[in-house]
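Each residue of the sequence shown is one higher than the last, beginning at 1 in full-length UniProt numbering.
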Amino acid sequence: MATPVELGRTRYEQVSSVVRSVVERVQELWKDMSAATVETDLEGPTGAAIIAAVTTGQLTVADAAQAYIAAQMVAQGGSALAEATLVAAAFAGIAPDGGPLETLLYLPAIGVRRRLAIGMAPDEAMLGGLADMARYASTAVADTARAADQVSMAANRSCVAYVRVVQLPACARCIVLSGQMYRYSEGFMRHPNCDCETLPLSEREWPNVPTPEELAARMSPKEQRRVFTVDGAKAISRGADIGQVVNARRGMDLAGVRGRSYRPTTTEGVTRRGLYGRSVRRAGGGFARVPGERYARASESRLTPQEIFRRAPERDEQIELLRRYGYIV
């Protein structure tokens, strides 16, 4: 039987592989666009294909989450039995801030236009736009994986916590958080393009995860200087506490929470045909017609998983709300 650390590594590799595939697809599609037409391109078939690629990636990583948590709990002497089944589709089409994915994936066009406005050459402006798109796409898929894992943790009572696992190469902000343990429902601190993972824990198992000091010791002097700066690397080599050298929260946000732009609710799945919409209809809830929208939407907004965990401290209430808003059935 695989160990918890081995299972975590397999999950990390699976998510990383999906992220790479999505970014490669985005790059292929981006080559067909030009700086002169980037806005209309992203509003047309090319933009739809990019959204489809990212959504498929989100579905893929979410679909594997519950099996991963079950395997972890069995490996740690717990139970594979969950109180509900994860709905992978509930995690697709949502941006990391809780807004519509299509809105996020249109932002690179605005970035291209701004670069052109300050005099950048069209090719350079498009390269910058591609970098933006790759970052948004990869972060959306990685955040989906972590959100689905965390909802699966909540649905399995054997899981009581998670530990942050950092894979090298990594930035200083992530390294200083390596090995930190959190309650299973506590928010995950990350930055754009962050590929750190959550390793779920039962009460019986506390896997040996590298500490910040152990990760730093594995790095070459050149890599230490790049990650921690020259002065920081020198201080660490002389025994300074990495936590005092690095400001772990600089540039970091809770997954699903992006500063002032964070949306505690999402509009995905809120129509009569959506999963949450169907549950609202069964419960006798109302729908309202929004001008310009084809379908009526549920009168009550749909909370994101992160907002559910923030509002509901106890597992029973979390499970009730996750089921109510269509993330589990």
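By construction, the Cβ of each residue, glycine as well, lies at the ideal position given by its N, Cα and C atoms.
For residue i, count the other beta carbons within 10 Å of its own beta carbon; 16 or more makes it buried, fewer makes it exposed. Which is it?
i	result
Ile-118	exposed
Asp-32	exposed
Asp-316	exposed
Asp-231	exposed
Met-1	exposed
Thr-139	buried
Thr-198	buried
Gly-99	buried
Ser-202	buried
Pro-45	exposed
Gly-239	exposed
Ser-178	buried
Ser-158	buried
So, for residue i: in the same chain, excluding its five sequence neighbours on each side, which residues have a beta-carbon less than 6 angstroms away from its beta-carbon?
i	result
Ala-71	Leu-7
Arg-11	Tyr-68
Asp-41	Met-33
Ser-261	With a pLDDT of 47 at Ser-261, under the threshold of 50, the modelled position of that residue is not reliable, and the figure given next carries that caveat. Here the set comprises Asp-97.
Gln-27	none
Ala-148	Ala-62, Ala-65 and Phe-91
Glu-39	Ala-109
Pro-200	Ile-69, Gln-72, Met-153, Cys-159 and Tyr-162
Residue i by DSSP, collapsed to three states: which one?
i	result
Thr-10	helix
Tyr-184	coil
Arg-323	helix
Thr-37	coil
Ala-64	coil
Met-126	helix
Ile-118	coil
Val-160	strand
Leu-86	strand
Met-1	coil
Met-189	strand
Leu-107	helix
Leu-59	helix
Val-227	helix
Cys-171	coil
Val-22	helix
Gln-42	In the sequence on display, residue 42 carries Leu and not Gln. Looking at Leu-42 - three-state DSSP - the assignment turns out to be helix.
Asp-32	coil
Pro-221	helix
Ala-75	helix
Arg-213	Per the sequence presented here, residue 213 reads as Glu, with Arg not at that position. Of the three classes helix, strand and coil, the one that applies to Glu-213 here is helix, per DSSP.
Ala-312	coil
Gly-179	coil
Ala-134	helix
In its own chain, which residues sit with a C-beta less than 7 angstroms from the C-beta of residue i, not counting the 5 before and 5 after it?
i	result
Ala-235	Val-245
Arg-218	Leu-168
Ala-283	With a pLDDT of 48 at Ala-283, under the threshold of 50, the modelled position of this residue cannot be trusted, and the question is left open.
Ser-237	none
Leu-127	none
Suppose contacts are defined by Cβ-Cβ distances below 8 angstroms. Is residue i in contact with residue j by that definition?
i	j	result
Phe-91	Thr-144	yes
Ile-242	Pro-212	yes
Ala-155	Ala-82	yes
Ser-79	Asp-195	no
Tyr-182	Met-153	no
Ala-62	Arg-25	no
Ile-175	Val-166	yes
Ala-161	Ile-319	no
Gly-57	Val-87	no
Pro-192	Arg-135	yes
Trp-30	Leu-105	no
Thr-3	Ala-49	no
Ala-172	Val-227	yes
Ala-216	Arg-225	no
Using a Cβ-Cβ cut-off of 8 angstroms (strictly less than) and excluding sequence neighbours within five positions of residue i, which residues of its own chain qualify?
i	result
Asp-132	Leu-107, Pro-108 and Gly-111
Asp-123	Ala-35
Leu-116	Ala-35, Pro-122 and Ala-125
Leu-322	Ala-84, Val-151, Ala-154, Ala-155, Pro-305, Ile-308 and Ile-328
Val-141	Val-15, Val-18, Val-19, Val-22, Val-54, Gly-57, Gln-58 and Val-61
Gly-47	Asp-41, Glu-102, Leu-105 and Tyr-106
Asn-247	Arg-173
Tell me the DSSP bridge mates of residue i?
i	result
Val-165	Glu-197
Pro-100	Ile-94
Ser-16	DSSP output for Ser-16 lists no bridge partner at all.
Ser-202	Cys-159
Ile-242	Ile-242 is not bridged to any residue.
Ile-328	Leu-86
With a threshold of 8 angstroms between beta-carbons, can residue i be considered close to chain D, or not?
i	result
Val-151	Absence of chain D from the displayed structure is noted, only one protein chain being present.
Any heavy atom of the ligand ADP closer than 7 angstroms to the CB of residue i?
i	result
Asp-63	Ligands in the displayed structure: none, and consequently the ligand ADP is not present.
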